[in-house]
Amino acid sequence: MLNIHNLSISFQGEYLFEDITFKLVNGDRVGLIGKNGAGKSTMLKILAGELEPDTGQIASDKDLKIGFLKQDIDFILGRTVLEESYQAFTEIKDLEAKMEKVNSELAERADYESDAYHQLMIDINDLQHQYEILGGYNYQGETEKILQGLGFKREDFNKLTDTFSGGWRMRIELAKLLLQSNDILLLDEPTNHLDIESIIWLESFLKSYPGAVAIVSHDKMFLDNVTNRTIEISLGRIYDYPKPYSQYLILREELRTQQLASQKNQQKQIEQTEKLIEKFRAKASKATMAQSLIKKLDKIERIEVDEDDNSVMTLNFPVSVTPGKVVIEAEKVSKSYGDKNVLSEVGLMVERDSKTAFVGQNGQGKSTLAKIIVGDIKYSGHLKLGHNVQIGYFAQNQAEYLDGNKTIHDTMIDAANETNRSKVRDILGSFLFRGEEVDKYVRVLSGGERNRLALAKLMLQPFNVLVMDEPTNHLDIKSKNVLKEALKRFEGTLILVSHDRDFLQGLTNKVYEFKDHKLKEYLGDIDYYLEQRNVENLREVEKRTVVKEEPKERKQQSYEDQKKLKSLNNKLSNVEAKINDIERKIKKIDKELEVNYEEVTSKDNFFNNYQQLKNDLESLMEQWETVQMQIEAFD
1 MLNIHNLSIS
11 FQGEYLFEDI
21 TFKLVNGDRV
31 GLIGKNGAGK
41 STMLKILAGE
51 LEPDTGQIAS
61 DKDLKIGFLK
71 QDIDFILGRT
81 VLEESYQAFT
91 EIKDLEAKME
101 KVNSELAERA
111 DYESDAYHQL
121 MIDINDLQHQ
131 YEILGGYNYQ
141 GETEKILQGL
151 GFKREDFNKL
161 TDTFSGGWRM
171 RIELAKLLLQ
181 SNDILLLDEP
191 TNHLDIESII
201 WLESFLKSYP
211 GAVAIVSHDK
221 MFLDNVTNRT
231 IEISLGRIYD
241 YPKPYSQYLI
251 LREELRTQQL
261 ASQKNQQKQI
271 EQTEKLIEKF
281 RAKASKATMA
291 QSLIKKLDKI
301 ERIEVDEDDN
311 SVMTLNFPVS
321 VTPGKVVIEA
331 EKVSKSYGDK
341 NVLSEVGLMV
351 ERDSKTAFVG
361 QNGQGKSTLA
371 KIIVGDIKYS
381 GHLKLGHNVQ
391 IGYFAQNQAE
401 YLDGNKTIHD
411 TMIDAANETN
421 RSKVRDILGS
431 FLFRGEEVDK
441 YVRVLSGGER
451 NRLALAKLML
461 QPFNVLVMDE
471 PTNHLDIKSK
481 NVLKEALKRF
491 EGTLILVSHD
501 RDFLQGLTNK
511 VYEFKDHKLK
521 EYLGDIDYYL
531 EQRNVENLRE
541 VEKRTVVKEE
551 PKERKQQSYE
561 DQKKLKSLNN
571 KLSNVEAKIN
581 DIERKIKKID
591 KELEVNYEEV
601 TSKDNFFNNY
611 QQLKNDLESL
621 MEQWETVQMQ
631 IEAFD
């Protein structure tokens, strides 16, 4: 299907990989692994035809279709979720446009007996036949099924894509790929933005996929459940085994052990031969024998042991100052997004030096509470930070805040202050950004390298409370282990949002489960929590927390109704954007009032302007409610 022969590519004079050869055939589900920056994403771009290799050839079957899910995607603004998903069906959409044009002509004409009218009838029949063959009468239902499998609800279908986060946009792009009839799927970190239910659905889909799949992922369980072959890129070479990830590790370690033993035995034989050569050289009568042994030695093919890239980042989180005994106290904290209630009067108390895990299904409020704690979003209720509390925050989409047009070095310099600016290069070196690498632009970095840079930036601020939301996304397995060990050594207070049981094990001493807008506290580590819930892993927990919605009977909507509904959804999105903008302005003013009340209130018309913002917000909330009710009337 796809043959890769002697492939090489280099950047800044150094080879990422050299003279690599392998092939992909139907039924292959390949896990492409390696440390961050080893060249995994580059390999996918070459296979997808988006990047030219320096040397080598890629031969493929005629008319081979390749679908590629990248880490970074761009959407055309103004499309709804369904409209963007339908872009997967370019041929069908073209036929729909042609059919609409012919039908319009038929409706306008009255010369029913003419040759021209007869030709239009033939054309529409041909177009309808092609439309049926391509699945034109089924693609809408198939699209909705795939979108729901990836976590979208029916009420999301007519919302604009630009109202969704990067993670949800990634799901739309994944849906488009799965809807196309591709022979090969290339997936770069497909699980990073998926909740457990969607991951399990994707696993099932890929296991029965008839073509070939190549997946870059650091999710061990996902690789074990989906793949039947592992290709590791390490130090410019590849190691290719017909086994899923965990079995591959065992197999490769066994092979290295055998290679080491064989190399040791061979070295002994070589040393013995060299001693004989030296001994025979001294005697004229044995000179011929010495020459014979030298020739024999030259012909020996030296056994090589597979090299392993053990370079890892160095990470330590120093505590700034000692805070008070209670660092966070929350009471009756609630948060809704529109009519969606996420948290309902929750309370928690976090004490100094405690290590807390937030677990539960996506959408249950884990990230929301983390953002409330760090002051990123508004809420109702009471939340108080203790004396001397300084919070360091690693957001789930932390890497998205990096400016792609800056270099690694400039990114750090801009975040540094006078006291730590001189340490920037040392910090970057400990995160494996060394020498000329610091002059790379952020836009060319892999997802894992961006996460490492975001972690490095975190080291430039003082903190004694560390809030981390899914910090292992994009990190390779060795980097995950380094981060885990650093968090174990961290002497401050830790709040960790994660789906990864392996990562959480041994890290926390308290677990909060998020379920049905509430929190439930478990005074123990993650294993104690799972034992109390009587399940083996977090996947089971998160599957059980899914609130199943009763399927609604859908009304058949006319074309005019669909247009009205789309218009209302666009209007709702615009109102929500204005609400968010005013809320940000009010929050900014509130913070300024806390710092310097007299100076802020002395400005001309301050109170009138401040009240006007609040009046505008109230008016927009009323508009939002009216439009929402109009939308619900269509259900």
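Just so you know, we're using UniProt numbering here: the sequence shown kicks off at 1 and counts up by one.
Where a beta carbon is used, it is the ideal one built from N, C-alpha and C, also for glycine.
Keep in mind it's a predicted model, so treat the numbers as computed, not measured.
Span separating the alpha-carbon of residue i from that of residue j
i, j, result
"F11", "V442", "15 Å"
"N574", "I20", "51 Å"
"F89", "I133", "13 Å"
"G506", "L32", "29 Å"
"A416", "L458", "10 Å"
"V226", "E84", "27 Å"
"Q461", "G392", "7 Å"
"F433", "N481", "18 Å"
"L455", "L185", "31 Å"
"D219", "M99", "46 Å"
"E553", "E50", "Note that E553 has pLDDT 43, beneath the 50 cutoff, so the model's placement of it is unreliable and no number is given."
"D240", "L24", "12 Å"
"I238", "V30", "13 Å"
"E583", "Y137", "45 Å"
Residue range of the unbroken alpha helix (DSSP H) whose run includes residue i
i, result
"N450", "Per the sequence presented here, residue 450 reads as Arg, with Asn not at that position. Residues G447 to L458."
"Q532", "I526 to Q532"
"R443", "No alpha helix (DSSP H) holds R443; DSSP gives it neither H nor E."
"E331", "Counting along the chain, E331 falls outside any alpha helix (DSSP H), though it belongs to the beta strand (DSSP E) covering V326 to Y337."
"G141", "Y139 to G149"
"I372", "K366 to I373"
"D94", "T90 to E108"
"residue 638", "Nothing can be reported for residue 638: it is not among the residues displayed for the chain, which extend from 1 to 635."
"N481", "I477 to R489"
"H118", "D115 to I133"
"F503", "R501 to L504"
Residue i in three-state terms, based on DSSP
i, result
"Y393", "strand"
"A214", "strand"
"R237", "strand"
"V424", "helix"
"S181", "coil"
"K220", "helix"
"S320", "coil"
"N3", "strand"
"T230", "strand"
"E618", "helix"
"E436", "helix"
"E345", "strand"
"F463", "coil"
Distance cut-off 7 Å: residue i Cβ against heavy atoms of the ligand MN
i, result
"W201", "This structure lacks the ligand MN, and indeed carries no ligand of any kind."
Given residue i as reference, the closest of the options once Cα atoms are compared
i, options, result
"V374", "V30, Q390 and K295", "Q390"
"N341", "G347, G365 and T322", "G365"
"S336", "F394, T626, V600 and E576", "E576"
"F22", "Q57, T80 and Y15", "Q57"
"A48", "L64, E232 and T55", "L64"
"D590", "L428, G404, V627 and I377", "I377"
"F164", "K275, R79, L613 and H382", "R79"
"T314", "A97, R489, F17 and Y522", "R489"
"S41", "A59, T55, I9 and S60", "I9"
"G492", "F503, E598, S354 and V424", "S354"
"E592", "I579, D581, F606 and E271", "F606"
"K384", "G141, M170, V333 and E113", "V333"
Beta-carbon proximity check, residue i vs residue j, cutoff 8 Å
i, j, result
"I277", "A290", "yes"
"S446", "G37", "yes"
"K520", "E513", "yes"
"V327", "R352", "yes"
"L466", "L494", "yes"
"L178", "P190", "no"
"S498", "G448", "no"
"K508", "A357", "The displayed chain sequence assigns Thr, not Lys, to residue 508. Yes, they are a contact pair."
"L147", "V81", "yes"
"D476", "R229", "no"
"K518", "S344", "yes"
"L260", "Y245", "no"
"F431", "T472", "no"
Residue i - containing beta strand (DSSP E), residue span
i, result
"K355", "K355 to V359"
"F17", "E14 to L24"
"I294", "Counting along the chain, I294 falls outside any beta strand (DSSP E), though it belongs to the alpha helix (DSSP H) covering A287 to K299."
"E50", "Taken as a continuous stretch (DSSP letters only), E50 belongs to no beta strand (DSSP E), as it is neither H nor E."
"T493", "T493 to V497"
"I66", "I66 to L69"
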